[in-house]
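2 protein chains.
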Amino acid sequence: MATIRDVATEAGLSTATVSRVMNNNGSVDVALVARVNEAIDRLGYRANPLGRALRRKRTPIWGFLASDIEAPFFASLLHGLEGKALINGKLLMLCNTGEDLERERQYIQTALDYQFGGLVIAAASMTATELDVLQDEMPVVLVDRVSAAYPDIDAVLVNNHLGAYSAVTHLLENGYRRIGLVAGPSDISTAHERRAGYCSALVDYGIDVTDDLVATGDFFAPSGHAAATALVTADQPADALFVANGQMAVGAYAAVRDLGLSIPDELGFATFDDDLWMTLVDPSITVVRQPAYEIGEAAAHILLRREDVKDPEPSEVVRHILEPELVVRASSCRGLGP
Amino acid sequence: MATIRDVATEAGLSTATVSRVMNNNGSVDVALVARVNEAIDRLGYRANPLGRALRRKRTPIWGFLASDIEAPFFASLLHGLEGKALINGKLLMLCNTGEDLERERQYIQTALDYQFGGLVIAAASMTATELDVLQDEMPVVLVDRVSAAYPDIDAVLVNNHLGAYSAVTHLLENGYRRIGLVAGPSDISTAHERRAGYCSALVDYGIDVTDDLVATGDFFAPSGHAAATALVTADQPADALFVANGQMAVGAYAAVRDLGLSIPDELGFATFDDDLWMTLVDPSITVVRQPAYEIGEAAAHILLRREDVKDPEPSEVVRHILEPELVVRASSCRGLGP
DNA sequence: CCCTCCTGAGTAATCGATTACTCAATTGAA
DNA sequence: TTCAATTGAGTAATCGATTACTCAGGAGGG
Chain A
1 MATIRDVATE
11 AGLSTATVSR
21 VMNNNGSVDV
31 ALVARVNEAI
41 DRLGYRANPL
51 GRALRRKRTP
61 IWGFLASDIE
71 APFFASLLHG
81 LEGKALINGK
91 LLMLCNTGED
101 LERERQYIQT
111 ALDYQFGGLV
121 IAAASMTATE
131 LDVLQDEMPV
141 VLVDRVSAAY
151 PDIDAVLVNN
161 HLGAYSAVTH
171 LLENGYRRIG
181 LVAGPSDIST
191 AHERRAGYCS
201 ALVDYGIDVT
211 DDLVATGDFF
221 APSGHAAATA
231 LVTADQPADA
241 LFVANGQMAV
251 GAYAAVRDLG
261 LSIPDELGFA
271 TFDDDLWMTL
281 VDPSITVVRQ
291 PAYEIGEAAA
301 HILLRREDVK
311 DPEPSEVVRH
321 ILEPELVVRA
331 SSCRGLGP
Chain B
1 MATIRDVATE
11 AGLSTATVSR
21 VMNNNGSVDV
31 ALVARVNEAI
41 DRLGYRANPL
51 GRALRRKRTP
61 IWGFLASDIE
71 APFFASLLHG
81 LEGKALINGK
91 LLMLCNTGED
101 LERERQYIQT
111 ALDYQFGGLV
121 IAAASMTATE
131 LDVLQDEMPV
141 VLVDRVSAAY
151 PDIDAVLVNN
161 HLGAYSAVTH
171 LLENGYRRIG
181 LVAGPSDIST
191 AHERRAGYCS
201 ALVDYGIDVT
211 DDLVATGDFF
221 APSGHAAATA
231 LVTADQPADA
241 LFVANGQMAV
251 GAYAAVRDLG
261 LSIPDELGFA
271 TFDDDLWMTL
281 VDPSITVVRQ
291 PAYEIGEAAA
301 HILLRREDVK
311 DPEPSEVVRH
321 ILEPELVVRA
331 SSCRGLGP
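These protein sequence lines are chains A and B, in that order. Under this note's numbering, think of the first position of the first sequence as 1, with each following residue one higher. Under this note's numbering, think of the first position of the second sequence as 1, with each following residue one higher.
Spelled out as structure tokens, the structure:
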């Protein structure tokens, strides 16, 4: 591998000049720029990113910390992020935490060790102080989840309240009255907001919110199965289900099918998160679609901005909130089913 | 951030000694080992991986090059790989190529620039010489796909021939006779082998293979839709479909549903790759399940082994072949449907 | 014409670790 | 007791880039 020294020798110049040319830094005579570039081409030289990073105290790598990369939502978000990262010469380091706090801490330490150029976090179970320390070292963007504990960190979010509100309102308008909620862990902001949206919709429709129509899961499929089963087999069963995320919807849907209930006639069904299978099953499933890809892109955008401004005093905190979209399908429309 | 120099000062020793202690290298007096470790603890010192990598000419990062990280197969493979990587102190760099050759080359260049510790490739569209160059620099493992063009690179594969053979035989045993194949791109080894397995099964059953029962797609969903439509609307339509991968199965299944054909009575259906939705639809879908997670683990295992042996003469090439599993569900069993 | 300022380029320090080389002290053999 | 071998630790070179500092030479003002 050719080094910058080889290039300097080849061009008959010093390494300083070569470096200046490569980084478009300082002022170099046009003729010399050409000479350097020719030498670079001749040798097929590529700068060693490790040497560069050591000196600059910054790696052009972004970390993406997610709780479950196999979930379509995160996979899609990742996709959006990767596209923008690549265009801007960044690499993406995948950090799958599986909701494991220890692993999360480990990855954050890694981000610090390697002096990452930025970090996108979708698994914010850490404390405010930890995040503050982190943010002193590199740009950080929270996506999907956030907490009131750290209001001074950029975030890209979805209007979860509205999403849940519109889905539940839609169910109400289609005649369902005892709408059960398969909720997520209350300490995760998204779950909390979706629950709030569910409650608002009921209240606005003049219906009392009762605890026995809410069952809490953990955002993974098995818990969705258990929660749905509980809600539809209760003494006073739900006549519709709203599920707080796509993974739990898999379990919930299987539960309903196992119990032999027919959707949408006997039970209305809607969920957060769109996924391919939801159009393949019969009836197809009404969903609140999140713009996951766009969230990834927006996060990338923020990182790039933060990188540019070396502003010592932090500019205004960015809170980018995207709108979810209610996609009405057959599972929530009585009379449209088979 | 504390550096190794700070630790040396704190312990009243030289950086060389500190380094030796950290790497368990050379021989250091027990008392001094303790002193160094205490100093490290006191300062909360963590070695800078960039400095280390620069000197060692090796980064503890593995790259994972896949064509489509959103496909459940790769997501699961990634998961298995990540687990083993993390345990062994490696980081995983995600390289999503989307079957784009330019992007693939770009990522390989990156792996070389950063002097990755290993590379797992599931998108081998490159030439033999490119791979050979790459392999001189770091351990490389091919997963899922391989080509006769480079027989001297380690690989973890699935017995695609057997998988297809058993699925098609199963369809034959259930009375289907005109089995259509939704095939993948013939230049991808997996697609080729699955097609061969399909043919073998027919031949062994005494049935002629005819080209009009084979439609070729590109391993993505839309092409599955088109291919399936063609096969079941032909003059002499297929009475069963075997789909060569899970993504195309999504499209194929939707096509069949759109055409109003009933599975399994009017049409048998089976596919490579298992996925959640395949148990959620009615009837559930018969699949050839690949041990994706285990492939990831096996690939990690090979990288670790190659890293240990600094053997100049390459030890035997590893060809790890895992067995797929036929999971029989309702879509392929006439008379078991609703 | 001389002095100052500016431009363009080189020299060498630096980032943080590893390790070849060196050397003093200790061990063991003769 | 003496000399060679071994052990344990330090000094300094090195990995490959960036950049503070330095300096020569030319432009422009007085």
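Cβ coordinates follow ideal geometry from the N, Cα and C atoms, glycine included.
Proximity of L78(A) and I121(B) at Cβ, strictly below 9 Å: Position 78 of the first sequence, counted from the first residue, corresponds to residue 78(A). Position 121 of the second sequence, counted from the first residue, corresponds to residue 121(B). Not closer than 9 Å, so no.
Three-state class that DSSP yields for F116(B) in the structure shown: Here the question's residue 116(B) lines up with position 116 in the second sequence. Residue state, collapsed to three classes: coil.
Rounded Cβ spacing between F73(B) and D273(B) (contact assumed at less than 8 Å): Numbered from 1 along the second sequence, position 73 holds the residue referred to as residue 73(B). Numbered from 1 along the second sequence, position 273 holds the residue referred to as residue 273(B). 6 Å between Cβ atoms; contact.
Status (buried if at least 16 other CB within 10 Å, exposed otherwise) for A31(B): What you label residue 31(B) is simply residue 31 of the second sequence in a count that begins at 1. A31(B) is exposed by the Cβ-count criterion.
D154(B) - containing beta strand (DSSP E), residue span: The residue given as residue 154(B) occupies position 154 in the second sequence. Secondary structure note for D154(B): its beta strand (DSSP E) is the uninterrupted segment 154-158.
Exposure label - R339(B); buried when at least 16 CB within 10 Å: One cannot answer for residue 339(B) here, as it falls past the ends of chain B, which runs 1 to 338.
Spatial distance of R306(A) from L157(A) (CA atoms): Your numbering for residue 306(A) matches position 306 in the first sequence. Your numbering for residue 157(A) matches position 157 in the first sequence. Distance between the alpha carbons of R306(A) and L157(A) is about 18 Å.
Partners in chain A for G80(B), counting only beta-carbon separations shorter than 8 Å: Reading the second sequence from its first residue, position 80 is the one you call residue 80(B). In chain order: nothing, as chain A lies at least about 11 Å away.
Within-9 Å CB hit, G206(A) to chain B: Stepping through the first sequence from its first residue, residue 206(A) is reached at position 206. G206(A) does not count as touching chain B.
Interface flag, G339(B) vs chain A, CB-CB below 9 Å: Since the first residue of chain B shown is 1 and the last is 338, residue 339(B) is not available in this structure.
Simplified DSSP assignment, three categories, for I61(B): Within the second sequence, residue 61(B) is the residue found at index 61, counting from 1. In the structure shown, I61(B) sits in a strand (DSSP, three-state: E or B).
Separation of I295(B) from G217(B), as counted between CA atoms: Indexing the second sequence from 1 puts residue 217(B) at position 217. Indexing the second sequence from 1 puts residue 295(B) at position 295. The alpha-carbon separation between G217(B) and I295(B) amounts to approximately 25 Å.
Where W62(A) meets chain B, residues with beta-carbon distance less than 8 Å: For the purposes of this step, residue 62(A) is taken as residue 62 along the first sequence, with counting starting at 1. None at all; the shortest Cβ gap to chain B is about 11 Å.
Close-in-space but distant-in-sequence residues of the same chain around E137(B) (CB under 7 Å, 5 per side omitted): Locating residue 137(B) in the second sequence gives position 137, counting from the first residue. The answer, listed in chain order, is L112.
Proximity of D212(A) and Q236(A) at Cβ, strictly below 9 Å: Reading the first sequence from its first residue, position 212 is the one you call residue 212(A). Reading the first sequence from its first residue, position 236 is the one you call residue 236(A). Yes, the Cβ-Cβ distance between D212(A) and Q236(A) is below 9 Å.
Under 9 Å (Cβ pairs) to chain B, residues found in the segment 111-122 of chain A: L112, D113, Y114, Q115
Neighbourhood of D6(A) by C-beta distance below 8 Å, restricted to the same chain and skipping five residues each side: Taking the first residue of the first sequence as position 1, residue 6(A) is located at position 6. Only L43, Y45 meet the Cβ criterion.
Simplified DSSP state of N37(B), which is helix, strand or coil: Residue 37(B) sits at position 37 when you count from the first residue of the second sequence. Looking at N37(B) - three-state DSSP - the assignment turns out to be helix.
Terminal residues of the alpha helix (DSSP H) in which I4(A) lies: Numbered from its first residue, the first sequence carries residue 4(A) at position 4. 4-11 is the span of the alpha helix (DSSP H), which, as asked, contains I4(A).
CB-CB length for A298(A) against S76(A), believed under 8 Å: Here residue 298(A) refers to the residue found at position 298 of the first sequence. Here residue 76(A) refers to the residue found at position 76 of the first sequence. Not a contact, Cβ separation roughly 13 Å.
Beta-carbon gap between S197(B) and V168(B) smaller than 9 Å: To locate residue 197(B), count along the second sequence from 1; it is residue 197. To locate residue 168(B), count along the second sequence from 1; it is residue 168. Just to set this straight, residue 197(B) is Gly in the shown sequence, not Ser. Against a cut-off of 9 Å, the Cβ pair of V168(B) and G197(B) comes out as a contact.
Bridge-paired residues (DSSP) for F242(B): Residue 242(B) sits at position 242 when you count from the first residue of the second sequence. L181(B), A270(B), per the DSSP bridge assignment.
Chain A contact for A227(B) (CB, 9 Å cutoff): Locating residue 227(B) in the second sequence gives position 227, where the first residue counts as 1. No, A227(B) does not count as interfacial toward chain A.
Separation of E38(B) from A2(B), as counted between CA atoms: Taking the first residue of the second sequence as 1, we reach residue 2(B) at position 2. Taking the first residue of the second sequence as 1, we reach residue 38(B) at position 38. Answer to the nearest angstrom: the Cα atoms are 14 Å apart.
Proximal residues of chain A, C-beta to C-beta of E70(B) below 9 Å: The sequence position of residue 70(B) within the second sequence is 70, counting from 1. P72, A75, S76, L78, H79, listed in chain order.
Chain B contact for V209(A) (CB, 9 Å cutoff): If you number the first sequence from 1, residue 209(A) lands on position 209. With 9 Å as the cut-off, V209(A) does not count as an interface residue toward chain B.
Residues that DSSP places opposite I348(A) in a beta bridge: Look at the range of chain A in this structure, 1 to 338, and you will see that residue 348(A) is not part of it.
Extent of the continuous beta strand (DSSP E) run through T286(B): For the purposes of this step, residue 286(B) is taken as residue 286 along the second sequence, with counting starting at 1. Taken as a continuous stretch (DSSP letters only), the beta strand (DSSP E) holding T286(B) covers 286-289.
Endpoints, the beta strand (DSSP E) within which A215(A) is located: Taking the first residue of the first sequence as 1, we reach residue 215(A) at position 215. Residues 214-216.
Segment contact flag, the segment 203-210 of chain B with the segment 224-233 of chain B, C-beta cutoff 8 Å, min 3 pairs: Under the Cβ criterion (8 Å, minimum of three pairs), the segment 203-210 of chain B does not count as touching the segment 224-233 of chain B.
Chain A contacts from the segment 274-289 of chain B (Cβ-Cβ distance under 7 Å): L276, W277, L280, V281, D282
Test: V140(A) CB closer than 9 Å to a CB of chain B: For the purposes of this step, residue 140(A) is identified with residue 140 of the first sequence, where counting begins at 1. Not closer than 9 Å to any Cβ of chain B, the Cβ of V140(A) fails to qualify, so no.
Residue from D132(A), L94(A), P60(A), P264(A) whose Cα sits closest to the Cα of Q115(A): Walking along the first sequence from the start, residue 115(A) turns up at place 115. Nearest of D132(A), L94(A), P60(A), P264(A) to Q115(A), Cα basis: P60(A).
Identified DSSP bridge partners for I321(A): Counted from its first residue, the first sequence places residue 321(A) at position 321. I321(A) is bridged to L157(A).
T97(B) and L91(A) closer than 9 Å at C-beta: The sequence position of residue 97(B) within the second sequence is 97, counting from 1. The sequence position of residue 91(A) within the first sequence is 91, counting from 1. Against a cut-off of 9 Å, the Cβ pair of L91(A) and T97(B) comes out as no contact.
Partner residues on chain A for A254(B), Cβ-Cβ distance less than 7 Å: What you label residue 254(B) is simply residue 254 of the second sequence in a count that begins at 1. By Cβ distance, chain A contributes L280.
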